[in-house]
Structure formats: structure tokens, C-alpha cells
Amino acid sequence: MPFKFWKKRGGDAEEKNAEKVNEFTYNEKLVSEDDVKQCKEWTRKLRERAEREEPRVTAVLQKVAEETNSELYGLNHKFKGEASMNRKLVSCLEWRRQQLVSFGTKGHAAKKENNSNITKMGENGDNTEKEEKNSTESQPSSSETVGVESVALGDIADSLRYTFVCDEDGYVQMVNAVIEALKEANMEIHKSKNYWKQGDHYQGINMHIKDSTSGLLFEVQYHTTPGIDVKKQCHALYEKYRVEKSYEKKKKYFDAGAKVAGKLKIPENVLDIPHVTAIPPPDPITIALEAVVADAHANVSSITSHLEKVVAPYITKDTTPDFSSLLELEDDVVDWMEENSVSSVGKAIDNAIHDTISFIVVFDTDEYVNKIKKLINDLPSKKHKLLSTINYWSEGDAYNGIHIRMEYKVKKHVVRYELRIHTPESFVILVTDSNDYIARYSTLSPSQAHDEYEALVKKWDTIARPDGVMGIGKLEEFDIVDDVE
């Protein structure tokens, strides 16, 4: 299970619609405070380069607009604000590193718990959920490392941004003409997304363009004349969607935006333009999972109270919970859909999500098996259903423990939570060796990752296996397997 420690950090709220960029969250295990400082510095460098190259780039694009009989719209807003850009850079850095860990370990890593007090049943971090990226394009391989500079230069493409506009009938011709004109000006398409499929809140084409002369990445959007007004209406609805906490209201704003965008006339043959087609975030998976996360936060007190009553007779622990992040849940759902060739989001969530909330329990080795059996018997109640018991005590694995998966019924919804039960020895390795490996994974070469993984497996194999533990639950291999040759 990935790390779930989130911190708030400040930024310069300089824009009128800065989307509260003075407060954003990031995963402390993937992004350090030094990374955040570097992001701020690279944000300044990107802005300075955008301002330096802007006169030449603007002149080229104005000429393109004249040649294609289109309008270069909104030049007064061609620079992205530094606060918003800084927040985006931190988010992109975290995303790239999360993907590296996920792909390099073929799954998720053990969750970090507080090593300062082994008497805790769980770890309580900042529960604020971070706005996550939806795109899974260009995921790094396990041989890559992800630094601030590479993300700043490779992912931040809208420090400088432009919009071409024309009527519906000339739209496709305009896009193709602009593409050719950009090529002639020694500017190449770095990435292209076609958002003209209906069902979402945005209609248009977005391109990341690389200026071969300076290396600057900038953004070009293509809209129809009516589409500009629709974009403004949809953006206003999206702003309400973004800050709204209620799932029902969020869905209402999203559907309203999709309805407004759906009224636009789709230019003939626009989906034939040879670009990547995509649905802009938020997509249906995100909307559904935001409801799952909201339910977890709304009902965690009731679940914790139940656990305190049940666990108290066996062990005295604090029952502070830990929440899965939206990114982690999205990864689980998308992986399950791909592995099972299923398109139903609801079915995927039912099968893939087990640990929206998790708790750590530590039992003494000689009492481990008996206390777990007692828990399995006493945890179920009218509202708390036992789903499964998973046994991770196999040899040759980089994790040992028992996971009890539960379901809490609340009105028409359910909240999935999990108890992760350790011995004192397994808990110490979890919060030291395993956490250290995952925290440094993105900086390791493939051979280093392989060697350190092997050493980690040997470390876990030194743990004394509780008598009779192999007879509990369903045996599974933990998903922090070595995938590096």
C-alpha cells in the first residue's frame, strides 16, 4: 500500500482566480521540502524564459493566424501565473514519482507508520486530499529517475499559452494549417489532445508545442468562436466543482458543464485529426472515487469507535486511521479494469477497493494467532461485515502480516476498511527497512533496486513466523514484488 502522508504548503496567491494555490498538498514520502524549494525556483526560471521568448513566439503565431484566417484570442492572458505553475509543478513531480514506484514495484508499497510509538494502532496524517492528475500518458520506466528539472522541462507546457479561434466550418482546416505553419517555423508538436468527444465539460484541441530554437514548451488551444463562450461557462462550473465537497453537488456541476459543452456543434471530421483523443479531468472514475473518499471521511468516527470497543479487550492501542489518497484508489481501479477487461466503474470499485481507511494493530508473537481468530469472530456486527482475511506470511516475500478486510454499511453506501495486523518484529521492519526502500526507490538504478529488494526480502525472512499463522485466511503474495531485471 503506498504512503499516504500529506502536508500543506504555502505559495504566492497572485492571481485573481488562483484556485487557492496558496494552499496545496503533497505526498511527503515522494516530494521533500527541498523538492518544493526547487520547484519554486524552477517556476521562476520557467516564467523568465517564457517572458524572454514570448515576443518571438507571439510574432510567429500572429503570422500563422493571418495566414490561416483565424484569430489569436486572449493575448492578455498568455502567461500562466507563477503560483498556479508552482502548484502544478509539485503535483507533476509527485505524480511521476508515484508512477515510477508503482510500475517499478509492479504494484504498491508498504504503508509508512509512525515508528516513534509502536503502541499506535494507526497513523494520523493530514487528511486533506490532493487534486490528482488523471492522465496516465508517458509513464516513466523503472530505469528512470525523476528530478525537478526533468519534470519542469518536460511536463510544464503552459508557462506560455495561446488560443486560436475560428468558426465551425473552417475549424479542421485551421487546425491542420496551423500545424503545418508551426512545423515550417521550426516548432514541433510535443503532445496533442483532442477533447471533441461529447460527455464532458470541455470541447477543443490542446497541443503542447516545442520551440526548437529555445527548447521552450508552450500550449496552443484551438476553439470555435461559439466554443469560447461555452468554455467560460464551463470553467465557472468547474471552479464550483473543484472546491465542492459533496459528491452529489460535484456530480451536478460536472453534468451541468457537460450539458453546456454538449450543445456545441462538433466540426465535421474533427475526430479524424490524427491526435490522441482524451477526456479531460475529472473523468467518471474520479467522480465516483471522490464519493468513496467523502464517505470514508464522513464515517471514520463510527468505524473507529467500533474498533476501539472490539480491540480494547485484546490490546490497548490508539485507533487513529489512515486514508488512501485519490491517486492510490484510481490506480487500483484502473489496474483492475485493465486486468479484467471490465469497463464498469462501479464494478471495478466494488472489486478493487479494500482499504479506503486502514488501521495498524500489533499483537505479541505468541498471542498473534489466537487474538486474530478472536478478532475475526468479534469484528462483524449489524453494520460491520467481514469481507475476507488475507495472509501475507509466505516466505520469500517483502512483507508479512494479516489483513482483515471489512465493510461498514451506511444508508445506501458502504465504506471499505482494513486492519493490518503485525507482530512487533514485522512492524519494526515495515516502518524502517521497507519504508526506506520505497522512499529511495525513485533514485535507485535498476541494479541497485534489484539488489536492495533482495536484501529486503531476506530481512523479512528473518522474522519468526507465529505458530499456526499459515492456517489463517487466504494466502496471497504481497504486491511489492521485484520487477527489475
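Each step along the sequence shown adds one to the number in numbering that gives the first Met the number 0, with nothing skipped, and position 168 is 167. Ideal Cβ positions, reconstructed from N, Cα and C, are used throughout, including at glycine.
Rounded to whole angstroms, what's the CA-CA distance from ALA311 to ASP363? Just pull it up for me. As a position in the sequence shown, residue 311 is number 312, starting the count at 1. As a position in the sequence shown, residue 363 is number 364, starting the count at 1. Cα to Cα, the separation comes out at about 15 angstroms.
Please report the distance separating the alpha-carbon of GLU337 from that of SER343. Counting from 1 along the sequence shown, the entry for residue 337 is found at position 338. Counting from 1 along the sequence shown, the entry for residue 343 is found at position 344. Each residue's Cα considered, the two are about 11 angstroms apart.
Indicate whether the contact test is met: 3 or more Cβ pairs, each with one atom in the region 457–473 and one in the region 381–390, closer than 8 angstroms. yes
Taking the alpha helix (DSSP H) that LEU29 falls in, what are its first and last residues? To locate residue 29, count along the sequence shown from 1; it is residue 30. Neither: LEU29 is in no alpha helix (DSSP H) and is coded neither H nor E.
Less than 8 angstroms between the CB atoms is what I'm expecting for ARG95 and VAL145, so what's the real figure, rounded? Reading the sequence shown from its first residue, position 96 is the one you call residue 95. Reading the sequence shown from its first residue, position 146 is the one you call residue 145. With 8 angstroms as the limit, ARG95 and VAL145 qualify as a contact, their Cβ atoms being about 4 angstroms apart.
Would you mind working out which of LEU74, LYS264, LYS182 sits nearest PRO54, comparing C-alpha positions? Position 55 of the sequence shown, counted from the first residue, corresponds to residue 54. Here the closest residue by C-alpha is LEU74.
Please identify the residue among TYR416, THR67, GLY214, LYS239 whose C-alpha is closest to the C-alpha of SER149. Within the sequence shown, the letter at position 150 stands for residue 149. Ranking the options by Cα distance to SER149, first place goes to GLY214.
Among GLU70, GLN447, GLY153, VAL409, which residue has its Cα nearest to the Cα of LYS209? Within the sequence shown, the letter at position 210 stands for residue 209. Comparing Cα positions, the closest option is GLY153.
Close-in-space but distant-in-sequence residues of the same chain around ASP432 (CB under 7 angstroms, 5 per side omitted): Taking the sequence shown and counting its residues from 1, one reaches residue 432 at position 433. Cβ neighbours of ASP432 beyond the five flanking positions: LEU455, LYS458.
Can you list, in chain order, the stretches of the beta strand (DSSP E) that have 3 or more residues and sit fully within the region 198–243? As far as the region 198–243 is concerned, its whole beta strand (DSSP E) runs of at least 3 residues are 204–210, 216–223.
Would you list the one or two residues that DSSP bridges to MET405? Taking the first residue of the sequence shown as 1, we reach residue 405 at position 406. In DSSP, MET405 forms a bridge with LEU385, TYR416.
So what does LYS258 bridge to, in DSSP terms? The sequence position of residue 258 within the sequence shown is 259, counting from 1. BP columns for LYS258 are empty, so no partner.
Which value, in whole angstroms, describes the spacing of the CA atoms of TYR416 and GLN202? Along the sequence shown, read from residue 1 onward, the residue named residue 416 stands at position 417. Along the sequence shown, read from residue 1 onward, the residue named residue 202 stands at position 203. Cα to Cα, the separation comes out at about 39 angstroms.
Spatially closest choice to SER380 from LEU306, HIS412, VAL341, by CA coordinates: Numbered from its first residue, the sequence shown carries residue 380 at position 381. The candidate whose alpha carbon is nearest that of SER380 is LEU306.
Enumerate in chain order the residues of its own chain whose CB-to-CB distance from GLU70 is below 6 angstroms, with the five nearest sequence positions on each side excluded. Position 71 of the sequence shown holds residue 70. Only VAL164 meet the Cβ criterion.
Relative to the C-alpha of MET405, which candidate in LEU386, PRO423, TYR398 has its C-alpha closest? On the sequence shown, residue 405 is found 406 positions in, with the first residue counted as 1. Out of LEU386, PRO423, TYR398, LEU386 has the C-alpha closest to the C-alpha of MET405.
Would you report the Cα separation of HIS353 and ASP334, rounded to the nearest angstrom? Taking the first residue of the sequence shown as 1, we reach residue 353 at position 354. Taking the first residue of the sequence shown as 1, we reach residue 334 at position 335. Cα to Cα, HIS353 sits roughly 14 angstroms from ASP334.
When the Cα of ALA156 is compared with those of VAL360, TYR72, SER323, THR42, which residue comes out closest? Numbered from 1 along the sequence shown, position 157 holds the residue referred to as residue 156. Here the closest residue by C-alpha is THR42.
The alpha helix (DSSP H) enclosing HIS296, as first and last residue numbers: Along the sequence shown, read from residue 1 onward, the residue named residue 296 stands at position 297. 283–310 is the extent of the alpha helix (DSSP H) around HIS296.
Counting C-beta neighbours from all protein chains within 10 Å, is the total for ASP330 16 or more, i.e. buried, or is it exposed? Position 331 of the sequence shown, counted from the start, is the residue given in the question as residue 330. Label assigned to ASP330: buried.
Rounded Cβ spacing between TYR170 and PRO320 (contact assumed at less than 8 angstroms): Position 171 of the sequence shown, counted from the first residue, corresponds to residue 170. Position 321 of the sequence shown, counted from the first residue, corresponds to residue 320. Contact between TYR170 and PRO320 does not hold, since the beta-carbon distance rounds to 51 angstroms and is not under 8 angstroms.
Quick check on this structure: which residue in ALA151, ARG51, GLU47 has the alpha carbon closest to the alpha carbon of LEU88? As a working note, residue 88 is residue 89 in the sequence shown. Residue ALA151 is the option with its Cα nearest to LEU88.
Verify whether the separation of the beta carbon atoms of PHE78 and ALA58 is less than 8 angstroms. Here residue 78 corresponds to residue number 79 of the sequence shown, with the count starting at 1. Here residue 58 corresponds to residue number 59 of the sequence shown, with the count starting at 1. Against a cut-off of 8 angstroms, the Cβ pair of ALA58 and PHE78 comes out as no contact.
DSSP state of LYS182, grouped into three classes? Here residue 182 is taken as the residue at index 183 of the sequence shown, counted from 1. Helix, per DSSP.
Within this structure, are the beta carbons of ILE356 and VAL291 separated by less than 8 angstroms? Along the sequence shown, read from residue 1 onward, the residue named residue 356 stands at position 357. Along the sequence shown, read from residue 1 onward, the residue named residue 291 stands at position 292. No; because the gap between Cβ atoms is not below 8 angstroms, this pair is not in contact.
Cα-Cα, which of SER31, ARG160, LEU374 is closest to LEU45? Here residue 45 refers to the residue found at position 46 when the sequence shown is read from its first residue. Among SER31, ARG160, LEU374, the Cα nearest to that of LEU45 belongs to ARG160.
Outcome for VAL545 when other beta-carbon atoms lying within 10 angstroms are tallied against a minimum of 16: In this structure the chain extends from 0 to 484, so residue 545 is not present and cannot be described.
Any idea if ALA297 is buried or exposed, counting beta-carbon neighbours within 10 angstroms, 16 or more meaning buried? The residue given as residue 297 occupies position 298 in the sequence shown. Classification for ALA297: exposed.
Closest residue to ALA287 among ILE204, TYR246, LYS230 (Cα-Cα distance): Looking up residue 287 in the sequence shown gives position 288. Closest option to ALA287, Cα to Cα, is TYR246.
What does a CB cutoff of less than 7 angstroms around GLU167 pick up in its chain, not counting 5 residues either side in sequence? Counted from its first residue, the sequence shown places residue 167 at position 168. Excluding sequence neighbours, GLU167 sits near THR223, LYS264, PRO266.
Measure the C-alpha to C-alpha separation of ILE178 and LEU443 and round it to an integer number of angstroms. On the sequence shown, position 179 is the one that residue 178 refers to. On the sequence shown, position 444 is the one that residue 443 refers to. Distance between the alpha carbons of ILE178 and LEU443: 40 angstroms.
Given that a residue counts as buried once 16 or more other Cβ atoms are within 10 Å of its Cβ, and exposed if not, what is GLY256? Numbered from its first residue, the sequence shown carries residue 256 at position 257. Buried, since its Cβ has 16 or more Cβ neighbours within 10 Å.
Spatial neighbours of PHE217 in its chain, beta-carbon cut-off 6 angstroms, leaving aside the 5 residues before and after: For the purposes of this step, residue 217 is taken as the residue at position 218 of the sequence shown. Hits under 6 angstroms: LEU159, ILE208.
Name the DSSP beta bridge partners of THR162, please? Residue 162 sits at position 163 when you count from the first residue of the sequence shown. DSSP output for THR162 lists TYR72, GLN220 as bridge partner(s).
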